Amino acid sequence: MKEAILETKNLDYKYISGEVALKDISLKIHRGETVAILGGNGAGKSTLFQCFNGILRPTSGELLVASRTVKYTASALKELRRTVGLVFQDSDSQLFSASVYQDVSFGAVNLKLPLEEIRLRVDTALKRTGTLHLKDRPTHSLSFGEKKRVAIAGVLVMEPQIIVLDEPTAGLDPKGVSEIMTLLKETQKQLGISIVLSTHDIDLVGLYCDYVYVLEKGRLILEGRPREVFDRADILRSAHLRLPRIGHLMEILKKHDGFSFQQLGYTIAEARRELRNWYSSKTKQGEK
Amino acid sequence: MQGLDRYAYDSKLRNENPLDKLLFSLAAMLCCLLLNSIVASVLVLMVMLWLTVSKGGTPLKHFIRLMLIPSTFLMISVITIALSITRTPMVFIFSIYIRSFYIGVTEVGLATALRVAIKAWAAISCLYFLSLTTPMLEVISALRRLWLPSLFLELMSLIYRMIFIFMETAQTIYLAQSSRLGYITIRGGIKSLGGLVSVLFLRSYRKAEELYIALESRGYENELMVLEEPRQHDIKWYIGIIGLISLLVALKLLTGR
């Protein structure tokens, strides 16, 4: 088992009003893993993400980075924010500068790195996210997808070990979604970082994620590998979520149309395999 | 992209060092204002026109149109300078007599008015040269190198960025309202506008909060520090500054106007 880079133990968070936002959250993010946090609107995903980064301080419970409990001192917070990079859902509230280059450099400058190192990191981050050609463009002239990638570059310059993305694919066109996901997975492969993302796009989960946590009303109600989570369709649905479309089709075929699958497929590749198996067993039966 | 900045991004002089351009336009502007000479002002106006249009590639039409915007205000003030009101008759070019007052234009008054008008135009042309060849961001970065207080510069750059978000938000709200017939009557329109302004205020407030959280998560420590790409100074602008100043001073001394 790989080492856990980020961990929460019985983490609670209450708003000042006393309303409970997160209750008893214990989870582990391992090095190099991609983890999806699923949950309906208002389930507490964004609040949890802000706890990961130290923006919000848990009311009780612990946050551990590389097995060490985070103390909320100024220097510990700095270290935490350097380790855990947060990409916000609305890029416009993250991009503060009208210059792409300046905005991307911000995090690296704050780390007080030598000038040459900062330049190198900014260039690398721009290249990685495919935004090098945008560096002289003003921020407000970028498209939605371009802003998203610049926002990711702005976090990558800090060279975090975990990158946390709040709905990274929301509002993107299908090509934009696959570009963002490919760029994230590519970066993960090269740097060995962990990725945590929240999404409503269930179809992504089976394709890109290694592990899934399901939140409902601030509590963790389900966790496991994507397949394990999808096998509990009843719980997912009670949390305002659903199966991947293809999984739903497989479920209906099995339940109502007498298809005898060994297991359901939740991605196109899995479903294809199951259907081929079913087809070949059918034709064999026919030959007999 | 909107406004003046669009021309600045298209300008062929965009990649020149912004500080060089800033100093050049400031020097020219100061000369105009201090020398107070018609010849100098005309020359500065020509130089700025030449640089912006011929060298920068800004269409002449745009330059003239932009020059006309402040001209309205200029005309009003120039007319008041040109007119003299006295009780005793003077050497008027033409005048009217109302009750015990003479209102008219004297040669001196006309000359002063003309001098002020041309001086103002020349100074404005210096400003337009800078804003039509240099995007706002680069102006800010040039000011930073002049050691202006960072609070001032941070505010400038944040405001500049937020203007666009603000306009976009306002436009979206306006569209949403007018698509539900919010502006079909004057009464309704006023009400809708009130709603727009209050929603805009609330959204801006929330946006500011979000921005602060986002900055904090990237290690913000009470100063917006960013890296700027290094810029080489170009000697030709400084030769230009010295050349222009000496030419203007010489002209002033020779012609005495």
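Heads up: the sequence lines are chains A and B, in that order.
Last residue of the first sequence: 295 in the working numbering, with the numbers rising by one and none dropped.
Last residue of the second sequence: 1207 in the working numbering, with the numbers rising by one and none dropped.
Beta carbons: idealized from backbone N, C-alpha and C, even for Gly.
Just so we're clear, the structure is a prediction, and the values are computed from it rather than from any experiment.
Run through DSSP, which three-state label would residue i get?
i: residue 80 (chain A); result: coil
i: residue 92 (chain A); result: strand
i: residue 1051 (chain B); result: strand
i: residue 986 (chain B); result: coil
i: residue 14 (chain A); result: strand
i: residue 248 (chain A); result: coil
i: residue 9 (chain A); result: coil
i: residue 1134 (chain B); result: coil
i: residue 182 (chain A); result: helix
i: residue 33 (chain A); result: strand
i: residue 118 (chain A); result: coil
i: residue 27 (chain A); result: strand
i: residue 1114 (chain B); result: helix
i: residue 272 (chain A); result: coil
i: residue 1183 (chain B); result: coil
i: residue 241 (chain A); result: helix
i: residue 1002 (chain B); result: helix
Compute the distance between the beta-carbons of residue i and residue j, then report whether it is under 9 angstroms.
i: residue 74 (chain A); j: residue 11 (chain A); result: yes
i: residue 193 (chain A); j: residue 135 (chain A); result: yes
i: residue 1041 (chain B); j: residue 1067 (chain B); result: no
i: residue 978 (chain B); j: residue 998 (chain B); result: yes
i: residue 122 (chain A); j: residue 151 (chain A); result: no
i: residue 111 (chain A); j: residue 50 (chain A); result: no
i: residue 1086 (chain B); j: residue 970 (chain B); result: no
i: residue 156 (chain A); j: residue 176 (chain A); result: no
i: residue 1002 (chain B); j: residue 1052 (chain B); result: no
i: residue 63 (chain A); j: residue 54 (chain A); result: yes
i: residue 58 (chain A); j: residue 29 (chain A); result: yes
i: residue 278 (chain A); j: residue 259 (chain A); result: no
i: residue 44 (chain A); j: residue 215 (chain A); result: no
i: residue 973 (chain B); j: residue 1187 (chain B); result: yes
i: residue 93 (chain A); j: residue 164 (chain A); result: no
Please list, in chain order, the chain A residues whose beta carbon lies closer than 7 angstroms to that of residue i.
i: residue 1027 (chain B); result: None at all; the shortest Cβ gap to chain A is about 34 angstroms.
i: residue 1170 (chain B); result: 117
i: residue 1157 (chain B); result: 100
i: residue 1161 (chain B); result: 100 and 103
Identify the residues that DSSP records as bridge partners of residue i: which are they?
i: residue 230 (chain A); result: A:220
i: residue 75 (chain A); result: A:72
i: residue 169 (chain A); result: A:91 and A:201
i: residue 106 (chain A); result: A:145
i: residue 67 (chain A); result: A:19
i: residue 1044 (chain B); result: B:1055
i: residue 111 (chain A); result: Answer is none; residue 111 (chain A) lacks a bridge partner.
i: residue 1035 (chain B); result: B:1053
i: residue 42 (chain A); result: A:203 and A:218
Taking the C-alpha atoms as reference points, what is the distance between residue i and residue j?
i: residue 104 (chain A); j: residue 1151 (chain B); result: 21 angstroms
i: residue 1175 (chain B); j: residue 118 (chain A); result: 10 angstroms
i: residue 275 (chain A); j: residue 207 (chain A); result: 18 angstroms
i: residue 288 (chain A); j: residue 266 (chain A); result: 11 angstroms
i: residue 1136 (chain B); j: residue 1019 (chain B); result: 30 angstroms
i: residue 130 (chain A); j: residue 116 (chain A); result: 14 angstroms
i: residue 41 (chain A); j: residue 959 (chain B); result: 40 angstroms
i: residue 242 (chain A); j: residue 1098 (chain B); result: 60 angstroms
i: residue 285 (chain A); j: residue 217 (chain A); result: 27 angstroms
i: residue 1014 (chain B); j: residue 1106 (chain B); result: 28 angstroms
i: residue 940 (chain B); j: residue 1183 (chain B); result: Residue numbering for chain B in the displayed model covers 951 to 1207; residue 940 (chain B) lies beyond these limits and cannot be assessed.
i: residue 961 (chain B); j: residue 1010 (chain B); result: 13 angstroms
i: residue 1054 (chain B); j: residue 1034 (chain B); result: 5 angstroms
i: residue 951 (chain B); j: residue 1117 (chain B); result: Confidence at residue 951 (chain B) is low in this model, with a pLDDT of 48, below 50, so its placement is unreliable and the value that follows should be read with caution. Distance between the alpha carbons of residue 951 (chain B) and residue 1117 (chain B) is about 12 angstroms.
i: residue 1125 (chain B); j: residue 101 (chain A); result: 25 angstroms
i: residue 228 (chain A); j: residue 202 (chain A); result: 21 angstroms
i: residue 65 (chain A); j: residue 80 (chain A); result: 14 angstroms
i: residue 1080 (chain B); j: residue 167 (chain A); result: 40 angstroms
i: residue 1167 (chain B); j: residue 82 (chain A); result: 13 angstroms
i: residue 1037 (chain B); j: residue 1006 (chain B); result: 52 angstroms
i: residue 235 (chain A); j: residue 209 (chain A); result: 14 angstroms
i: residue 1075 (chain B); j: residue 146 (chain A); result: 28 angstroms
i: residue 281 (chain A); j: residue 1134 (chain B); result: 59 angstroms
Residues of chain A with CB closer than 9 angstroms to the CB of residue i, please, in chain order.
i: residue 1177 (chain B); result: 108, 109, 111, 112, 113, 115, 116, 122, 125, 126 and 129
i: residue 966 (chain B); result: Within chain A, no residue comes near residue 966 (chain B); the closest Cβ sits about 14 angstroms away, beyond 9 angstroms.
Going along chain B in order, which residues have a C-beta closer than 9 angstroms to the C-beta of residue i?
i: residue 82 (chain A); result: Ordered by position in chain B, no residue passes the 9 angstroms Cβ test against residue 82 (chain A), which lies about 12 angstroms from the chain.
i: residue 146 (chain A); result: 1111 and 1114
i: residue 88 (chain A); result: 1166, 1167, 1168 and 1169
i: residue 95 (chain A); result: 1160, 1163, 1164 and 1167
Starting from the beta carbon of residue i, find every residue of chain B whose beta carbon is closer than 7 angstroms, and list them in chain order.
i: residue 99 (chain A); result: 1115
Mind listing the chain A neighbours of residue i? Cutoff is C-beta to C-beta under 8 angstroms, in chain order.
i: residue 1085 (chain B); result: 145
Against residue i, what residues of chain B qualify as contacts under a CB-to-CB distance less than 8 angstroms, listed in chain order?
i: residue 60 (chain A); result: 1167
Next on the checklist: Along the stretch 131 to 142 of chain A, where does the CB come closer than 7 angstroms to a CB of chain D? Name the residues.
Outcome noted: Chain labels in this structure do not include chain D; the protein chains are A and B.
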